[in-house]
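**Student:** Add 36 to the 1-based position in the sequence shown for the numbering used here, that's all there is to it.
The beta-carbon is built from N, C-alpha and C at its ideal position, and this holds for glycine as well.
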Amino acid sequence: MELMEKLVEPAKTLSNPYVEGWREKGGKVIGYSGTYTPEEIIYAAGILPYRIGGREATKVTIADMYFGPVICNFVKCVLENAADGRFDFLDGAIITYECDHMRRIFDAWRRAAKDGNARLPAFFQYYGLPHSRSEHATKLLMAETQRLIKELEKHFGVEVTEEGLRNAIKVYNKTRQLLRKLYELREKDEVPVTGTEALGIVITSTVMPKDEYNKQLEKLLDELGKRKGITGRPRLMIVGSVNDDIELVKLMEDLGAVVVADSLCYGARCFWNLVEENGDPLQAIVTRYWEHIPCPRMYGEYSRRYSFVRDIARSGKVDGVILENIRFCDLHGMDNTLYGRDLEAEGIPTLRLERQYGPLADSGRLRTRVQAFLERIGG
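Right under this line is the structure:
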């Protein structure tokens, strides 16, 4: 399926034809680090938002110079990619305080650049994010967002207008609605799209101009509606740490499962909620990012996270849930302990899977454990 290939292939590498074409036309590209970065603001400035990732890194030699031994390997791979020049096409980068590990990239990248071990984008900003929702925290986040807009306007000589924000909201909401439709297809008894394909499609949404992406995804959804579905396989859901490596899902599906649902930041959590299209557009954007399906970095939000995971597991008619976390990711590790307790109490089998990422990935061990889990749930 040619359209499927166009929307999955960019997820396998860092650079892709869409980014290259954008730059050839004189467009600017800003890298951002996670799901709490307000992409619409970058888009409204006429700049391509591009989510930086760890894929393609084959070592962490430079990263180990700037991070301690108990740092998440995804974060190390992001810095290693910067050191190896894989992000040299970026005109800027915004590092959002997603977690303490990701927050350290802001310091480590600057230090590596100072030492001559990486190139620092000319526009390099930190986007602070409170850890709990309150009236005071909301005011702080709005002030931080307004500061970021001023920095964008000043550095790139652009203006982020109300009209531009409203247009960005419409474009991004369209992307989210299309991805919701893709995930609805995954709930069918006969699943027309594999989990590997679905993850690739979502990752590509973070590294491609949204206008073109929406056109292609709309066409693909039409094709998927006619595609013969998958039946007779154990239906899995994946929950946990950041994952921009489609090989992890492929490993599970190669063992005979089909992944039909997820709660991942390169998955449902990055697009599930829409931005309100009426009222003050900037306030609507801030509210959406502040109130979307929360990451474990948010205090006091476990009940919301669990409700989402449980409801998606039920609507996807899953036979089991894989609770994965990258080694040293305390946030997802703690959440996964609670998920395991609560899902098992509701009769949903779970597998705790601590893993490594990138060049340290231990696929042999993971394959053995997933295979044993599939045998447990009757696969």
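Taking the alpha helix (DSSP H) that F159 falls in, what are its first and last residues?
**Tutor:** Within the sequence shown, numbered from 1, the residue matching residue 159 stands at position 123. Unbroken run through F159 is the beta strand (DSSP E), F159 to Y163; no alpha helix (DSSP H).
**Student:** Quick check: V275 and Y375, are their CB atoms within less than 9 Å of each other?
**Tutor:** Along the sequence shown, read from residue 1 onward, the residue named residue 275 stands at position 239. Along the sequence shown, read from residue 1 onward, the residue named residue 375 stands at position 339. For V275 and Y375, yes; Cβs fall inside 9 Å.
**Student:** Please confirm whether I358 and E390 have their CB atoms less than 9 Å apart.
**Tutor:** Here the question's residue 358 lines up with position 322 in the sequence shown. Here the question's residue 390 lines up with position 354 in the sequence shown. Against a cut-off of 9 Å, the Cβ pair of E390 and I358 comes out as no contact.
**Student:** Is DSSP giving P46 helix, strand or coil here?
**Tutor:** The residue given as residue 46 occupies position 10 in the sequence shown. Note: P46 maps to helix in three-state DSSP.
**Student:** When you compare the stretch 265-273 with the stretch 339-358, are there three or more beta-carbon pairs, one atom per stretch, that lie closer than 8 Å?
**Tutor:** yes
**Student:** Which class does T132 belong to by DSSP, given the choice of helix, strand or coil?
**Tutor:** As a first step, residue 132 is located in the sequence shown; it is residue number 96 there, counting from the start. Note: T132 maps to strand in three-state DSSP.
**Student:** Please report the distance separating the alpha-carbon of K61 from that of L176.
**Tutor:** Counted from its first residue, the sequence shown places residue 61 at position 25. Counted from its first residue, the sequence shown places residue 176 at position 140. If I take the Cα positions, the gap works out to 37 Å.
**Student:** From V114 to G89, what does the alpha carbon distance come to, in whole angstroms?
**Tutor:** To locate residue 114, count along the sequence shown from 1; it is residue 78. To locate residue 89, count along the sequence shown from 1; it is residue 53. Using only the alpha carbons, I get a separation of about 6 Å.
**Student:** Apply the 10 Å Cβ neighbour rule to V227 and answer buried if 16 or more other Cβ atoms are within range, or exposed otherwise.
**Tutor:** The residue given as residue 227 occupies position 191 in the sequence shown. Counting the other Cβ atoms within 10 Å of the Cβ of V227 gives 16 or more, which makes it buried.
**Student:** Given 8 Å as the limit, is there contact between the stretch 122-137 and the stretch 62-76, that is, 3 or more CB pairs closer than that?
**Tutor:** As far as the Cβ criterion goes, the stretch 122-137 touches the stretch 62-76, which means the pair count is three or higher.
**Student:** Comparing alpha-carbon positions, which option in D127, F160, G152 and L126 lies nearest I141?
**Tutor:** Position 105 of the sequence shown holds residue 141. With distances taken between Cα atoms, I141 lies closest to F160.
**Student:** Using the Cβ count rule (16 or more neighbours within 10 Å means buried), how would you classify A81?
**Tutor:** As a working mapping, residue 81 is identified with position 45 in the sequence shown. With 16 or more other Cβ atoms inside 10 Å of its own Cβ, A81 counts as buried.
**Student:** Please classify H368: is it buried, with 16 or more other beta-carbons within 10 angstroms of its beta-carbon, or exposed?
**Tutor:** Sequence index remark: in the sequence shown, residue 368 carries index 332 (1-based). By the neighbour-count rule (16 or more Cβ atoms within 10 Å), H368 is buried.
**Student:** Give the single residue among P395, H191, L396 and R388 whose Cα lies nearest to the Cα of A408.
**Tutor:** Your numbering for residue 408 matches position 372 in the sequence shown. Ranking P395, H191, L396 and R388 by Cα distance to A408 puts R388 first.
**Student:** Buried or exposed for A304, please, with buried defined as at least 16 other CB atoms from any protein chain shown within 10 angstroms of its CB.
**Tutor:** Numbered from its first residue, the sequence shown carries residue 304 at position 268. The C-beta of A304 has 16 or more other C-beta atoms within 10 Å across all chains shown, which makes the residue buried.
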